Amino acid sequence: MSRQRPRDRAAATVLHVVLAAGLLVMIAPFVWMLLSSFKGDGELRQTPPTWLPADPSLANYRELFDRLDFPRYFANSALVAILVTAGNLLICSATGYALAKLRFAGRRALFLLVLGNLMVPPAATFVPQFVLVSNLGLVNTYAGLILPNIALAVNVFLMRQFILSIPDDLLESARVDGAGEWRVYWQIVLPLCGPALATVGILTFLGSWNSFLWPLVVATTEDKYTLPVALALYSVGQNQTRYGLLLAGAVTIILPILIIFALLQRHFVQGIATTGLKS
Amino acid sequence: MRTWTRGGAVLAVVAALALAGCGRDSGDGGGDAAKPLGAGKASGEITVWAMGTEGEKLTAFAGDFMKENPDARVKVTPIPWDGAHDKIATAIAGRQTPDVSLIGTTWMGEFAKTGGLDPLPAGVADQAAFFPGAWNTAVAGGTAYGVPWYVETRLIYVNKDVASRAGVTAAPKTWEELSAAAKAFKEKGGAAWGLSLQPGGTGSWQTVLPFVWQNGGDVTGGGSGFALDSPQAVEALAFYESFFDTGLSPKDLPQGTLEPDFAAGKIGAFISGPWHIGILKEQGAAGKFDLWHMPSKQKATSFVGGGNLAVFKDAKNRDGAWKFVSWLSKPEVQIKWYQASSDLPAVKAGWDDATLKGDALLSAFGAQLSDAKAPPSIATWEQIAAAFDAEIEKLVKTDETAANAAKAIQQKATSIGTGG
Amino acid sequence: MTRHRLAGWGFALPFTVLFLVFLAGPVLASLAMSFTDIRSADVRDPLAVTPIGLGNYARLFEDEQFLQAAGNTILVVLVGLPLTVALGLAVALGLNSGVVRFRGLFRVGYYLPVVTSIVAIAVVWRFLLQPESGLVNGLLGLIGVDGPNWLNNTSTALPAVIAMIVWRGLGFQMVIFLAGLQAIPQELYEAARIDGAGRWAQFRHVTLPALRPTLVFVTVIGSIGLLQVFEEPFVMTRGGPLASTLTVAQSVYSQFSFGNYGYASAMSYLLFIAIVLLSILWFRLLRSEEAR
Chain A
0 MSRQRPRDRA AATVLHVVLA AGLLVMIAPF VWMLLSSFKG DGELRQTPPT WLPADPSLAN
60 YRELFDRLDF PRYFANSALV AILVTAGNLL ICSATGYALA KLRFAGRRAL FLLVLGNLMV
120 PPAATFVPQF VLVSNLGLVN TYAGLILPNI ALAVNVFLMR QFILSIPDDL LESARVDGAG
180 EWRVYWQIVL PLCGPALATV GILTFLGSWN SFLWPLVVAT TEDKYTLPVA LALYSVGQNQ
240 TRYGLLLAGA VTIILPILII FALLQRHFVQ GIATTGLKS
Chain B
0 MRTWTRGGAV LAVVAALALA GCGRDSGDGG GDAAKPLGAG KASGEITVWA MGTEGEKLTA
60 FAGDFMKENP DARVKVTPIP WDGAHDKIAT AIAGRQTPDV SLIGTTWMGE FAKTGGLDPL
120 PAGVADQAAF FPGAWNTAVA GGTAYGVPWY VETRLIYVNK DVASRAGVTA APKTWEELSA
180 AAKAFKEKGG AAWGLSLQPG GTGSWQTVLP FVWQNGGDVT GGGSGFALDS PQAVEALAFY
240 ESFFDTGLSP KDLPQGTLEP DFAAGKIGAF ISGPWHIGIL KEQGAAGKFD LWHMPSKQKA
300 TSFVGGGNLA VFKDAKNRDG AWKFVSWLSK PEVQIKWYQA SSDLPAVKAG WDDATLKGDA
360 LLSAFGAQLS DAKAPPSIAT WEQIAAAFDA EIEKLVKTDE TAANAAKAIQ QKATSIGTGG
Chain C
0 MTRHRLAGWG FALPFTVLFL VFLAGPVLAS LAMSFTDIRS ADVRDPLAVT PIGLGNYARL
60 FEDEQFLQAA GNTILVVLVG LPLTVALGLA VALGLNSGVV RFRGLFRVGY YLPVVTSIVA
120 IAVVWRFLLQ PESGLVNGLL GLIGVDGPNW LNNTSTALPA VIAMIVWRGL GFQMVIFLAG
180 LQAIPQELYE AARIDGAGRW AQFRHVTLPA LRPTLVFVTV IGSIGLLQVF EEPFVMTRGG
240 PLASTLTVAQ SVYSQFSFGN YGYASAMSYL LFIAIVLLSI LWFRLLRSEE AR
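Protein chains in written order, with numbering that gives the first Met the number 0: chain A, 0 to 278; chain B, 0 to 419; chain C, 0 to 291.
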């Protein structure tokens, strides 16, 4: 950032302005959602929609927290999301590595299987999957919530693509030095995958955290409910919607995600990948 | 490549198995015969699913049942309305149902057809005690599969100021009077829209069908299955369309503007159910509106909806389940439930309650309930309703005629069939 | 190499086992369903249905509403995919260029629409698109253009929804591109600069080739996402007005909720075929280094 030529500085300013304008557009609905969670349902039905609450109150949050056993549902969501994410990080990076850098019979077929898995619309398999899980005795269990999602094809695909760009010489030199495949994977490949792992981590955690339909059908008693299922209990009725509760619930669901994302996004820092080439 | 040939073999086996036992029973499956219940009190654990606030309140409410039946334990799991239909359908498929569940009135036909619901045994509830329109929502293929728990019906909400400015003092008794009132609301009452009706879109059939019923028409009839292109239906559709054609009803009201505009007098009237009383109160419009009974052509019929209680075939405690349902249908329990939840009683005697009788708005709903209908409990109703909604949207927003719309609806309904 | 073969299958085993247990059966079952007239009424006795071969698939091509939904979906992909990828890449490049302060804030902010509840987004966007009091028509009015009733007009509803889909989706692309950009070693840029390459040449000869695997991922996943777009049109317009914003995914959802499991499965697999074909196209066009 030391000596910037005036032309570069002008370009940088323009870039900042454009990105900032875009940012405003991006965060506007989120800001509205946050502000509106402090409004009553009457104000929420006003048109045009108001921004600042006329009479801000925590009533929506208080109602949600009073009626719902929050710690329980939060813990369920966290447990499932953490285990699903950890599983995906491990299993999908290993599979991605095998598909990208190891030559073995059936590799192409496996990749096609991964892609096929990716491309089947989930709606098609939903009911048969539930029947299967039910036959396996996994209904209303944590295993039933976690196992079907613990190795997602999209993550395998992402890791494969990312690992493809790691230079083969790095791996070869390690093998020549006598390292077994596990060590190559664990000590050479994974450390270079920081950004990809962070991406898989945040996207998988997000997907699991926000997941509604699968936890809804797998849990048959409240003690297995996850947060999105519980938050839906009182916000949508048979003939009307309690928008205040809905928005307060949405804010509650999003906040942990934002915190994790804010923490993890530091991994998107240039320079991690430079270490390898200095041979 | 080995993976693929192996996969191919598996596929072949599955297909063979599937084909081997294929073909439906040509018989109509006969009527489900209900097995009788055991005598005495309920016992054991009774698992119940109920949506939203019903689920929340039922847990405490069931304490009284457990006092009367000390060996019984009622375990209520609240489930969200959002996704409840899918959850129940999937549970039936995976045979993971509870003993009892609250089921929306329009879902009864579909779930009954799966064979997953237990037919109503004798002695659980007396048909005559219920509003006939509500009772029929639990009857599919001639057999009752459950019991109505609570009901709702639709009335015309009218802005008092607009009405008095327009010089409309009494509720219209005929279709012509309704049109005249809406016109007066716009011309003299100061409203931009006389009567806001739903311009097609999801659920508009609940507003349109009552006019068909008022004209003496119906969804099914005449021996050929559906009667949606009968002269009565066409006339009703034309009447519905007339409000839009004469500028009395908006074709594209922005979402969310109905309640504020009605409270402000920009909309003279709209049709809805009891939940709007609370919503209008939040808008500061309490006491500013009246409720009008449906107008009559041959009858003054409205739509009845609500929730039914059904017991599943895969229930582990069928006996206890039906006894719990029976308890919930007792008039005194229905009244107590209304007081706890504000759900309107499905049992006629429940309306003898002092609170209900004394509330002018709610007793208006009670009066309408004796002339309220629901569509037939056929397995394909949701799909037919969606086709109906699409045609109504075309009727209102394009230059489609009522006769063509009715014909299109009849064609689609016939090709969809009754799922029977 | 045997060692590779053992290691390969060793690494891939957990995924393969999980796939075989949890997905293989359901995929085959749903495929089988698509060749029958199975409805929700049959779930307790699924083998007692009539196989009808390609009957469902044939019916799809005569289903007006499905054809309209298919046309809408194709439009969404044709317009939405280039926009989302280009904009996502542009923002990622901007944030990665090293000149921007508050990068973390920008990254989180641009990703927010992806995680914000669709209900909140729909309220704000509906307000923005309102014919009289909306911001969009207000801005258009400043340059003398009379803006239409975006969401209630059959010719403008789909473009408005596509704009919202692009706006919502570009954060996801941005995150992936950022990860890909981080992996490009600085030395390559240094070498190019020494060779006298300007910024655009650096982009074309260093960034783009290095991003190829990421680009493949983004276009394939982006296509899959857009071909299955559901939430935005469902919440904004319910597929209206007059089915002008109806997508195939909404039709699939409707058919499943009507209980037409056989028909809905066939629709899903037709969608699957479209996804496969489009992806094959991307793999061919953006041939990545795996040929090595």
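Glycine residues also receive a C-beta, built at the ideal position from the N, C-alpha and C atoms.
Small disclaimer: the values here were computed from a predicted structure and weren't measured.
Quiz item: Comparing the C-beta of Ala231 (chain A) with each C-beta of chain B, is any distance below 7 Å?
Solution: Interface with chain B (7 Å Cβ-Cβ cutoff): Ala231 (chain A) is included.
Quiz prompt | Of the residues C:Leu180, C:Ser132, C:Trp124, the one placed nearest Ile164 (chain C), counting alpha carbons only | solution = Checking every option, the nearest Cα to that of Ile164 (chain C) belongs to C:Trp124.
Quiz item: Considering Trp291 (chain B), what are the terminal residues of the beta strand (DSSP E) in which it resides?
Solution: That run of the beta strand (DSSP E) goes 288-291.
Self-check item: Between the CA atoms of Gly43 (chain B) and Glu53 (chain B) - distance to the nearest angstrom
Solution: Rounded to the nearest angstrom, the two C-alpha atoms are 22 Å apart.
Quiz item: Name the chain B residues whose beta carbon is nearer than 8 Å to that of Glu221 (chain A)?
Solution: Under the 8 Å cutoff, chain B gives Thr76, Pro77.
Quiz item: Closest Cβ-Cβ distance between Asp251 (chain B) and chain C: below 7 Å?
Solution: For Asp251 (chain B), at least one C-beta of chain C is nearer than 7 Å to its own C-beta.
Exercise. Give a yes or no on whether the C-beta atoms belonging to Leu227 (chain B) and Ala389 (chain B) are separated by under 7 Å.
Key: Leu227 (chain B) places its beta carbon 7 Å or farther from that of Ala389 (chain B).
Quiz item: Buried or exposed: Lys40 (chain B), going by 16 or more other Cβ atoms within 10 Å of its Cβ?
Solution: Label assigned to Lys40 (chain B): exposed.
Practice problem: Can you give me the start and stop residues for the alpha helix (DSSP H) that Leu154 (chain B) sits inside? | Solution: No alpha helix (DSSP H) holds Leu154 (chain B); the beta strand (DSSP E) holding it covers 154-158.
Quiz prompt | Val99 (chain B) - containing beta strand (DSSP E), residue span | solution = Taken as a continuous stretch (DSSP letters only), the beta strand (DSSP E) holding Val99 (chain B) covers 99-103.
Practice problem: Could you check which residue in C:Leu276, C:Val118, C:Ile193 has the C-alpha nearest to that of Glu231 (chain C)? | Solution: Looking at the Cα atoms, C:Val118 is the closest of the given residues.
Practice problem: Might you give, ordered along the chain, the residues of its own chain that have their beta carbon closer than 6 Å to the beta carbon of Ala183 (chain B), omitting 5 neighbours on each side? | Solution: Here Ala183 (chain B) has Ala165, Val167 as same chain residues with Cβ atoms under 6 Å from its own Cβ, once five neighbours each way along the sequence are excluded.
Quiz item: Out of C:Ser278, C:Leu285, C:Ala263, C:Phe282, which has the shortest C-alpha to C-alpha gap to Val76 (chain C)?
Solution: When each option's Cα is compared against that of Val76 (chain C), the closest is C:Ser278.
Quiz item: So Pro79 (chain B) and Val175 (chain A) are in contact, right, with Cβ under 8 Å, and what is the actual spacing, rounded?
Solution: Here Pro79 (chain B) is actually not in contact with Val175 (chain A); their C-beta atoms are around 59 Å apart, not less than 8 Å.
Quiz item: If Val161 (chain B) and Gly189 (chain B) are in contact, beta carbons under 8 Å, what's the gap, nearest whole angstrom?
Solution: With a beta-carbon spacing of about 6 Å, Val161 (chain B) and Gly189 (chain B) fall inside the 8 Å limit used to define contacts.
Quiz item: At a Cβ threshold of 7 Å, is Leu241 (chain C) touching chain B?
Solution: Chain B, which has a Cβ nearer than 7 Å to the Cβ of Leu241 (chain C), makes this yes.
Quiz item: For Gln186 (chain A), which of A:Ser172, A:Val199, A:Ala197 has the nearest alpha-carbon?
Solution: Looking at A:Ser172, A:Val199, A:Ala197, the one whose alpha-carbon comes closest to that of Gln186 (chain A) is A:Ser172.
Exercise. Decide if Ser25 (chain B) is buried, meaning its Cβ has at least 16 other Cβ atoms within 10 Å, or exposed.
Key: At Ser25 (chain B), the pLDDT of 44 sits below 50, so the modelled position is not reliable; the number obtained from the coordinates is stated separately. With fewer than 16 other Cβ atoms within 10 Å, it is exposed.
Quiz item: When the Cβ atoms of the segment 245-262 of chain C are set against those of the segment 87-103 of chain A, are three or more pairs found closer than 8 Å?
Solution: Because the criterion of three Cβ pairs below 8 Å is not met, the segment 245-262 of chain C and the segment 87-103 of chain A do not touch.
Quiz item: Taking Cβ positions only, does Ala53 (chain A) come closer than 7 Å to chain B?
Solution: Not an interface residue.
Quiz item: What residues from chain C crowd round Gly115 (chain B), counting only those whose CB sits closer than 7 Å?
Solution: Those are Arg43, listed as they occur along chain C.
Quiz item: So what's Leu343 (chain B) in DSSP terms, helix, strand or just coil?
Solution: Looking at Leu343 (chain B) - three-state DSSP - the assignment turns out to be strand.
Quiz item: Where does Pro81 (chain C) sit, in a helix, a strand or coil, going by DSSP?
Solution: Helix.
Quiz prompt | Where Ile155 (chain B) meets chain C, residues with beta-carbon distance less than 7 Å | solution = Counting only Cβ-Cβ distances below 7 Å, Ile155 (chain B) has no contacts in chain C at all, with the closest Cβ about 25 Å away.
Exercise. May I have the straight-line CA-CA distance separating Trp213 (chain A) from Val79 (chain A), to the nearest angstrom?
Key: Distance between the alpha carbons of Trp213 (chain A) and Val79 (chain A): 12 Å.
Quiz item: From Ser116 (chain C) to Thr124 (chain A), what distance separates their C-alpha atoms?
Solution: Distance between the alpha carbons of Ser116 (chain C) and Thr124 (chain A): 25 Å.
Quiz prompt | 7 Å CB neighbourhood of Gly79 (chain C) in its chain, flanking five on each side removed | solution = Closer than 7 Å at the Cβ level, and outside the excluded window around Gly79 (chain C), lie Ile161, Ile164, Val165, Leu225.
Quiz prompt | Test item: CB-CB of Gly41 (chain A) and Glu281 (chain B) under 7 Å | solution = A Cβ-Cβ contact shorter than 7 Å links Gly41 (chain A) with Glu281 (chain B).
Quiz item: What is the rounded straight-line gap between the Cα of Val16 (chain A) and the Cα of Met173 (chain C)?
Solution: Their backbone Cα atoms lie some 18 Å apart in a straight line.
Quiz item: Looking only at its own chain, which residues have a Cβ that is under 7 Å from the Cβ of Ala366 (chain B), when we skip the five neighbours before and after it?
Solution: Around Ala366 (chain B): His292.
Self-check item: Within-7 Å CB hit, Ser164 (chain A) to chain C
Solution: Taking Cβ atoms only, chain C reaches closer than 7 Å to Ser164 (chain A), which makes this a yes.
Quiz item: Checking contacts by CB at 7 Å: is Thr201 (chain B) closer than that to chain C?
Solution: Closer than 7 Å to some Cβ of chain C, the Cβ of Thr201 (chain B) qualifies, so yes.
Quiz item: Is Thr76 (chain B) helix, strand or coil when you go by DSSP?
Solution: Thr76 (chain B): strand per DSSP, three-state reduction.
Quiz item: Any contact of the segment 242-251 of chain C with the segment 18-25 of chain C, i.e. 3+ C-beta pairs under 8 Å?
Solution: Judged by Cβ distances under 8 Å, the segment 242-251 of chain C makes no contact with the segment 18-25 of chain C, as fewer than three pairs qualify.
Quiz prompt | Residue range of the alpha helix (DSSP H) that includes Glu221 (chain A) | solution = Under the DSSP assignment, Glu221 (chain A) falls outside any alpha helix (DSSP H); it carries neither an H nor an E label.
Quiz prompt | Heavy atom of the ligand HEM within 6 Å of Leu191 (chain A) beta-carbon | solution = As for the ligand HEM, it is missing from this structure, which has no ligand bound.
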